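**Q** Residue numbers (the working numbering): 7 to 445.
Glycine is no exception: its CB is placed at the ideal position from the N, C-alpha and C atoms.
Just so it is clear, the structure is predicted and the values come from calculations on it, not from any experiment.
Written as structure tokens, this is what we have:
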């Protein structure tokens, strides 16, 4: 079962052949200056702004999304009043501040005590509880804003409940990248707030995750060195040697080694060995990327895995292209594996191949932003602040519903309406990314 009532695959199959669609009217205009947005490859909003992106201007471009709130307004308001962040939420714009606070307030509204929930409606079903990006996003957001005790409790609970003894995750479709991201989350939490409340009990689970990844790499060395596995829950049957998976294994093992060294811990595999394995996998993955990507730097189609496929007409034209644009590329960027030249090429490919609208992620005939934080982290690390701001501002303006600011997992082009239910990782995009703007 996918996370959606109708899977993203079905959405693409229904929409890939379309060449026309609803018109996007700029506020105050009587006609559509963006004729046939489904044909557009370049994000049209770049042509509507001069200078750096301005949030007030972005908010004025299109009708804001409408729809029902995921939770009672009084509950969210009460949770906002209870927030005690460090530093104070002060991004320089009251609407962005409110988006951050609303996001943080949704964590306790969504979780059932310490037990995770991906979202509401379809996403409140128990089979979605173990989806790793939920805990990864929640711990990142909480620890980024100094809410250390809550972050520690949630992470400790998750490790104890959803990591099996052999290091595998108790979820129907974990990606290989998520294992590395969990190790990174542990290191991040320790750097921001220490180890109180999660390390003593969580070490065993984290060590098992590291051992699982090291075993996968050992098996892969018989071939080209790249780990083969599932790239995403929806595409869990499309097992292959994906670059974002391997990039995050590299980062996860390196972060695990650093964490164990700082804590003077004794993992099952020595820190020096884990670093050596990560270095070898990094080299093999970069070599495979160089072999796979087109020589023409203007070609937007950069395959997500060693197994190449036919070049799509756009980044929403096929199932593989859509998933590559929506999750595989952003996670490859956030892994930090790529040198700047190659990372910038991914960003340009997304911009020139029909991959986004107002900075949000295009997915067939709608928008889907829950993995956008990975893309934003990649943009920030590259120093592409204007691109970062456009994506962040577009998200808070047009992926959050006007008034209560609920962030549905999927939403239609403006005027936005719900395509899929609310989910927590999408709600937390603003809280995670906006922290970079606050000193």
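Report the three-state DSSP secondary structure of residue 330 (helix, strand or coil).
**A** helix
**Q** DSSP three-state label for residue 131, please.
**A** In this structure, residue 131 counts as coil in the three-state DSSP scheme.
**Q** Around the Cβ of residue 452, are there at least 16 other Cβ atoms within 10 angstroms (buried) or fewer (exposed)?
**A** This structure leaves residue 452 out entirely; the chain is present only between 7 and 445.
**Q** In chain order, what residues of the same chain lie with their CB nearer than 7 Å to the CB of residue 394, ignoring the 5 residues before and after it?
**A** 382, 385 and 386
**Q** Between which two residues does the alpha helix (DSSP H) holding residue 86 run?
**A** 79 to 88
**Q** Please list, in chain order, all residues of the same chain as residue 421 whose beta carbon is under 8 Å from its beta carbon, the five residues on each side excluded.
**A** 68, 69, 70, 71 and 72
**Q** Which same chain residues, not among the five before or five after residue 120, have their C-beta less than 7 Å away from its C-beta?
**A** 159, 160 and 163
**Q** Considering residue 369, what are the terminal residues of the beta strand (DSSP E) in which it resides?
**A** Note, residue 369: beta strand (DSSP E), 366 to 369.
**Q** Runs of 4 residues minimum, wholly inside the region 312 to 398: which ones carry the alpha helix (DSSP H) assignment?
**A** 325 to 329, 335 to 340, 346 to 358 and 378 to 387
**Q** Would you check if the distance between the CB atom of residue 192 and the CB atom of residue 292 is smaller than 8 Å?
**A** no
**Q** What residues are listed by DSSP as bridge partners for residue 413?
**A** 406
**Q** Could you tell me which residues DSSP puts in a beta bridge with residue 424?
**A** 417
**Q** Mark residue 241 as exposed unless 16 or more other C-beta atoms lie within 10 angstroms of its C-beta, in which case mark it buried.
**A** Residue 241 is buried by the Cβ-count criterion.
**Q** Just how far apart, CA to CA, sit residue 52 and residue 363?
**A** 9 Å
**Q** Buried or exposed: residue 361, going by 16 or more other Cβ atoms within 10 Å of its Cβ?
**A** buried
**Q** Measuring CA to CA, which of 342, 343, 312 and 358 is closest to residue 331?
**A** 358
**Q** Grab me the residues of residue 143's own chain with a C-beta within less than 6 Å of its C-beta, minus the 5 sequence neighbours each way, in chain order.
**A** 431 and 434
**Q** Out of 391, 429 and 427, point me to the one whose CA is closest to residue 442's CA.
**A** 391
**Q** Under a three-way DSSP split, which group does residue 235 fall into?
**A** strand
**Q** Are three or more beta carbon pairs between the region 335 to 343 and the region 297 to 306 nearer than 8 Å?
**A** no
**Q** Taking 8 Å as the threshold (C-beta atoms), are residue 311 and residue 247 in contact?
**A** yes
**Q** Between the beta-carbon of residue 89 and the beta-carbon of residue 115, is there less than 8 Å?
**A** Here residue 89 is not near residue 115, since their CB atoms are 8 Å or more apart.
**Q** What would DSSP say about residue 163, mapped onto helix, strand or coil?
**A** helix
**Q** In the DSSP assignment, find the alpha helix (DSSP H) that holds residue 208 and state where it starts and stops.
**A** 205 to 226
**Q** Give the secondary structure of residue 250 by DSSP, where H, G and I count as helix, E and B as strand, and everything else as coil.
**A** helix
**Q** If the criterion is Cβ atoms closer than 8 Å, does the pair residue 190 and residue 257 meet it?
**A** Against a cut-off of 8 Å, the Cβ pair of residue 257 and residue 190 comes out as a contact.
**Q** Smallest Cα separation from residue 412: which of 212, 176, 203 and 82?
**A** Distance check between residue 412 and each of 212, 176, 203 and 82 places 82 closest, using alpha-carbon atoms only.
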